[in-house]
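Residue numbers (this note's numbering): 9 to 293.
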Amino acid sequence: MMGMKRSLWLVLPLVAACAGAEHTGSEPAPTPMPAPTPSEQPSAPSDAWQWRSDMDLVASHTLVGVVGQGGFRRCAEGSMEGTWVGLYPTIGRVSLSGPPDSIFDPLMDQPVVALGEPQYTSPRKTTAADDDAVPCPPMQMRSDWTPTPRGMRIDRRPAPMAQHFEVAAVRPLHELSIKPEGEFVVITLNNPVAIELRDVEMRVHYEGCFGKPGSRVETSEVGVLAPLAQISTRAPKLLEGSGPPGRSTFRAHSFQLVARGEAVTIDLDASLSAMGIDNQCPRKR
């Protein structure tokens, strides 16, 4: 994988309280705030929650990612035609429980914020029932590709430590905006959690416009993102590499947020097409 680092980033505190003294290595680190409850989330409208439990559930953790699906692909013996069974919702690579699975249907392929409790093993069934079905033969694919009921997922690093999440509330990630601007895309994100995020990076991933495509990534290093602060980057829709003719063009494919925070798991890789950006490879002449 090829990559380059970009310096096109901007941190803009949205409230005066965020414009305090800058933290340095010689100062004690700020005390992390506990993960917010649904009523404490500062960035979303009060009616923004797609679903909230009416039970008195603990919600000490925040999970940010794109809603997808997991399941088990099985084939009749000797066939490559697969059928997905045992479907369950995911956020990023983390399986979910709590609300009915149908709650996530209108959120499929969209970035969300969920509150709840992480688990480090998944109770979801990931093997076929004991019948005449067999696992499908493995497909030839790139090492970072994983087939899912929603299509091929590209597994970005770092992978989340949590394997499962008991959801107490979930809502769309209103704080993320991806807009076209001529030959560029402009990506803007407000910190969606009420704590400081560290080691923040905005990564734009590119896929090659040729057979058996390679990939590239452009990274904007942000560092620390205060509560309510905003970051933005501007990335080209197309990149030209130094490869041979026909194997040097790459198109922007997705935006990944990398960050660490107390009681926060981020596994966010948002497809530009799912966000409404039509970014096709150039037509071959």
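We put the beta carbon where it would ideally sit given N, CA and C, even for glycine.
(1) Residue 158: which of 286, 287, 282, 288 sits nearest, CA to CA?
(2) Relative to the C-alpha of residue 131, which candidate in 59, 96, 71 has its C-alpha closest?
(3) If you reduce the DSSP assignment to three classes, tell me which class residue 250 lands in.
(4) Ignoring anything shorter than 3 residues or poking outside the region 91-171, list the beta strand (DSSP E) runs there in chain order.
(5) Report back the beta-carbon spacing between residue 268 and residue 192 to the nearest angstrom; my notes put them in contact at under 8 Å.
(6) Can you pull the DSSP bridge partners for residue 213?
(7) On the DSSP bridge assignment, give the partners of residue 82 in chain order.
(8) Within 10 Å of its beta-carbon, does residue 319 have 16 or more other beta-carbons around it, so buried, or fewer, so exposed?
(9) So is residue 70 buried or exposed if we call it buried at 16+ other beta carbons inside 10 Å?
(10) Taking the alpha-carbon of residue 121 as reference, which of 145, 67, 238, 129 has the nearest alpha-carbon?
(11) Identify the continuous beta strand (DSSP E) that holds residue 276 and give its terminal residues.
(12) Would the region 73-87 count as touching the region 200-217 if we require 3 or more Cβ pairs under 8 Å?
(13) Rounding to the nearest angstrom, what Cα-Cα distance links residue 162 and residue 154 in this structure?
(14) So for residue 199, helix, strand or coil by DSSP?
(15) So, residue 276 versus residue 287, is the Cβ gap smaller than 7 Å?
Checking against the coordinates, here is how it stands:
(1) 282
(2) 96
(3) Look at residue 250 here: in three-state DSSP terms it is coil, with no helix or strand label.
(4) 102-105, 119-127, 153-156, 159-162
(5) With a Cβ gap of about 28 Å, residue 268 and residue 192 do not count as contacting.
(6) 225, 262
(7) Per DSSP, 91, 143.
(8) No answer is possible for residue 319: the residues shown for the chain start at 9 and end at 293.
(9) buried
(10) 67
(11) 272-279
(12) Under the Cβ criterion (8 Å, minimum of three pairs), the region 73-87 does not count as touching the region 200-217.
(13) 6 Å
(14) coil
(15) no
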